[in-house]
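Asker: Position 91 of the sequence shown, counted from 1, bears residue number 92 in our numbering, the numbering being contiguous throughout.
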Amino acid sequence: MKPNSPLTLQVIREEHRALAAMLRSVPLLLAELRRREARPDFAALRAMLFYLDEFPERLHHPKESELLFPKLRARAPEIRSVLDRLDEDHQRGERAIRDLEHALLGFELMGESRRAAFEQLAERYVHGYLQHMQIEEAQVLPLALQMFAPEDWAELDEAFARNRDPLVGHAVDEPYRALFQTVLNALPAPLGLGPAL
Numbered sequence: 002m003k004p005n006s007p008l009t010l011q012v013i014r015e016e017h018r019a020l021a022a023m024l025r026s027v028p029l030l031l032a033e034l035r036r037r038e039a040r041p042d043f044a045a046l047r048a049m050l051f052y053l054d055e056f057p058e059r060l061h062h063p064k065e066s067e068l069l070f071p072k073l074r075a076r077a078p079e080i081r082s083v084l085d086r087l088d089e090d091h092q093r094g095e096r097a098i099r100d101l102e103h104a105l106l107g108f109e110l111m112g113e114s115r116r117a118a119f120e121q122l123a124e125r126y127v128h129g130y131l132q133h134m135q136i137e138e139a140q141v142l143p144l145a146l147q148m149f150a151p152e153d154w155a156e157l158d159e160a161f162a163r164n165r166d167p168l169v170g171h172a173v174d175e176p177y178r179a180l181f182q183t184v185l186n187a188l189p190a191p192l193g194l195g196p197a198l
């Protein structure tokens with residue numbers, strides 16, 4: 002990252018890195034549990050899904066869809082279809098996390114008969130999310146860096162500076178302290194505090 006890179010890009014890229022690390026750990030964790038024929042820590046998985054809903058879905062995505070993407074659409078109409086697809090991903094995000102939470106509850110309450118359905122849905126969710134972030138990193142952010150003026154970045158930087166995602170290293174607000182500790186304990190080392198896979 003260049004030292005004079007806009008704060009917005011730094012925040013987005015840091016959040017993407019932290020989120021990608023957590024997302025990649027989920028299938029690894031599930032595969033290891035399946036290999037050991039062990040049931041997961043359902044409370045920890047629920048905490049991870051709740052984190053995904055609370056931080057990326059409610060803080061990160063709305064700022065991209067409501068602030069970053071409209072500015073880019075106005076200056077670079079050639080990327081409109083890409084931005085439309087990313088916005089659709091954001092709109093589907095809440096439903097996707099609810100479906101995943103429901104599948105996890107089914108696995109917890111109904112047992113092994115629901116494990117495969119949950120694991121397959123989790124794999125699709127992780128794959129789709131990683132692909133979404135890769136498109137933003139490869140196509141959207143470089144174009145924004147080319148197209149935006151300092152006043153555009155000033156407005157965006159003010160909004161994105163308020164993102165306080167604890168996975169990126171920000172202090173954890175008191176109401177989220179137990180949640181974040183549960184997520185850290187569930188993530189395998191070196192991402193979190195759990196055992197190495």
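All C-beta atoms, glycine included, are put in the ideal place defined by N, C-alpha and C. These numbers come from a predicted model, not from an experiment.
For Gly-170, name the three-state secondary structure that DSSP assigns.
Answerer: For the purposes of this step, residue 170 is taken as residue 169 along the sequence shown, with counting starting at 1. The answer is coil: DSSP assigns Gly-170 none of H, G, I, E or B.
Asker: Using 10 angstroms around the beta-carbon of Pro-200, count the other beta-carbons present and answer buried if the total reaches 16, otherwise exposed.
Answerer: Outside the shown range of the chain (2 to 198) lies residue 200, about which nothing can therefore be said.
Asker: Return the Cβ separation of Ala-77 and Leu-144 in integer angstroms, given the expectation that the two are a contact with Cβ distance under 8 Å.
Answerer: Translated into the one-based positions of the sequence shown, residue 77 becomes position 76. Translated into the one-based positions of the sequence shown, residue 144 becomes position 143. The Cβ separation is near 6 Å, so the contact holds.
Asker: Tell me, please, whether the segment 132-143 touches the segment 86-106 by the rule of three or more beta-carbon pairs shorter than 8 Å.
Answerer: These segments touch.
Asker: From Glu-79 to Leu-73, what distance separates their C-alpha atoms?
Answerer: Stepping through the sequence shown from its first residue, residue 79 is reached at position 78. Stepping through the sequence shown from its first residue, residue 73 is reached at position 72. Roughly 10 Å separates the two Cα atoms.
Asker: With distances taken from CA atoms, which of Ile-98, Glu-109, Gly-107, Pro-63 is nearest Leu-87?
Answerer: Within the sequence shown, residue 87 is the residue found at index 86, counting from 1. Closest by alpha carbon: Pro-63.
Asker: Please state the DSSP three-state secondary structure of Arg-165.
Answerer: On the sequence shown, position 164 is the one that residue 165 refers to. If DSSP states are grouped into helix, strand and coil, Arg-165 belongs with coil.
Asker: In this structure, how does DSSP classify Met-2 when only helix, strand and coil are distinguished?
Answerer: Translated into positions along the sequence shown, residue 2 becomes position 1. Interpretation of Met-2 is limited by its pLDDT of 46, a score under 50 that renders its predicted location unreliable; the figure taken from the coordinates is listed afterwards. Residue state, collapsed to three classes: coil.
Asker: Going by the CB atoms, is the gap between Leu-122 and Asp-100 shorter than 8 Å?
Answerer: Residue numbering aside, residue 100 sits at position 99 when the sequence shown is read from its first letter. Residue numbering aside, residue 122 sits at position 121 when the sequence shown is read from its first letter. Yes, the Cβ-Cβ distance between Asp-100 and Leu-122 is below 8 Å.
Asker: Where do the ends of the alpha helix (DSSP H) carrying Gln-132 lie?
Answerer: Within the sequence shown, residue 132 is the residue found at index 131, counting from 1. Run containing Gln-132: 116-136, per the alpha helix (DSSP H) assignment.
Asker: Starting from Phe-181, follow the alpha helix (DSSP H) in both directions and report where the run begins and ends.
Answerer: Position 180 of the sequence shown, counted from the start, is the residue given in the question as residue 181. Start and end: 178-187.
Asker: Between the alpha carbons of Phe-181 and Ala-155, how many angstroms are there, rounded?
Answerer: As a position in the sequence shown, residue 181 is number 180, starting the count at 1. As a position in the sequence shown, residue 155 is number 154, starting the count at 1. Looking at the two C-alpha atoms, the distance is approximately 30 Å.
Asker: Give, in chain order, every unbroken run of the alpha helix (DSSP H) that is at least 4 residues long and sits entirely within the segment 27-69.
Answerer: List check, alpha helix (DSSP H) in window: 43-53.
Asker: Is there contact between the segment 103-116 and the segment 6-13, where contact requires at least three CB pairs shorter than 8 Å?
Answerer: The segment 103-116 is not in contact with the segment 6-13.
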